[in-house]
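So for the sequence shown, the UniProt record's numbering puts the first residue at 1; every next one is plus one. Using N, Cα and C, we set each Cβ at its ideal position, and we do this for glycine too. For clarity, every value in this text was computed on a predicted model and none was experimentally measured.
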Amino acid sequence: MSDAIFNTQFASEDDSRQRMCKVYLYRRPIVPIIVYHWSLYFEWDDYDATYEAEDKDGYLVYKCKRGKPDGKPDIEIGRIRLSPQEVNEKARRNIFSNSPYILAFSNCQAWVTELAKSLGLVIPIPINALLLFNPTLGIGLSIAHYLGLFRGLSSSSD
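Pasting the structure below:
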């Protein structure tokens with residue numbers, strides 16, 4: 001993410017042209033095998049952007065940047081016809097955006113899951129079930145990932 005700038009002012013604000021988009025779940029290790037930061041990467045033929053949320057002064061604040069996040073995608077969660085403007089609007093209206101940051105409940109993983117849901121996408125059941133069990137630490141997900149218990153997760157990103 002060295003050459004990308006995060007902000008909440010989107011370059012594609014007026015891009016309302018719907019077209020096919022691939023959506024990927026990315027995890028960036030904070031403490032490998034234990035704590036991961038989640039983001040969604042949207043890839044159109046002519047545009048791409050990463051959306052995520054983080055703790056800023058006790059509140060969960062979302063960010064957008066052009067390009068891919070660091071690391072490799074864990075899983076493609078879907079292909080959908082939509083515009084960058086629609087993603088921006090859903091990110092703004094995410095129920096976790098600007099809410100108090102609560103480590104176990106209102107965090108980057110909850111925000112990503114809600115954004116995916118608002119777009120009609122579903123994070124795969126094994127991942128989502130483990131997220132609900134322990135949303136921030138994702139220990140169960142990390143162990144399953146480490147042991148290679150389900151397909152679609154990259155084993156080289158950690």
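Below 8 angstroms on the Cβ atoms is my contact criterion, and I expect residue 80 with residue 119 to pass it. Report the Cβ-Cβ distance as a whole number of Å. Against the sequence shown, residue 80 aligns to sequence position 80. Against the sequence shown, residue 119 aligns to sequence position 119. Between residue 119 and residue 80 the Cβ distance is about 6 angstroms, and since that is below 8 angstroms, they are a contact.
Do residue 41 and residue 97 count as a contact pair if the criterion is CB distance below 9 angstroms? Within the sequence shown, residue 97 is the residue found at index 97, counting from 1. Within the sequence shown, residue 41 is the residue found at index 41, counting from 1. In this structure, residue 97 keeps its C-beta atom at 9 angstroms or more from the C-beta atom of residue 41.
Nearest candidate by alpha-carbon position, reference residue 116, set 99, 101, 100, 75: Start at 1 with the first residue of the sequence shown, and residue 116 comes out as number 116. Comparing Cα positions, the closest option is 75.
At what residues does the alpha helix (DSSP H) containing residue 90 begin and finish? The residue labelled residue 90 in the question sits at position 90 within the sequence shown. Note, residue 90: alpha helix (DSSP H), 84-93.
Taking the straight line between their C-alpha atoms, what separation do you get for residue 22 and residue 48? As a working mapping, residue 22 is identified with position 22 in the sequence shown. As a working mapping, residue 48 is identified with position 48 in the sequence shown. Cα atoms of residue 22 and residue 48: separation of roughly 10 angstroms, rounded to the nearest angstrom.
DSSP-derived helix/strand/coil call for residue 44: Taking the first residue of the sequence shown as position 1, residue 44 is located at position 44. Coil, per DSSP.
Residue 45 versus 99, 17, 69, residue with shortest Cα-Cα distance: For this step, residue 45 is matched to residue 45 along the sequence shown. Nearest of 99, 17, 69 to residue 45, Cα basis: 17.
DSSP three-state assignment for residue 22, whether helix, strand or coil: One-based indexing of the sequence shown puts residue 22 at position 22. Residue 22 falls in the strand class under three-state DSSP.
Less than 9 angstroms between the C-beta atoms of residue 28 and residue 69, yes or no? On the sequence shown, residue 28 is found 28 positions in, with the first residue counted as 1. On the sequence shown, residue 69 is found 69 positions in, with the first residue counted as 1. In this structure, residue 69 lies closer than 9 angstroms to residue 28 by Cβ.
If you reduce the DSSP assignment to three classes, tell me which class residue 117 lands in. Counted from its first residue, the sequence shown places residue 117 at position 117. Note: residue 117 maps to helix in three-state DSSP.
What is the rounded straight-line gap between the Cα of residue 105 and the Cα of residue 86? By one-based count along the sequence shown, residue 105 stands at place 105. By one-based count along the sequence shown, residue 86 stands at place 86. Going by C-alpha positions, residue 105 is about 26 angstroms away from residue 86.
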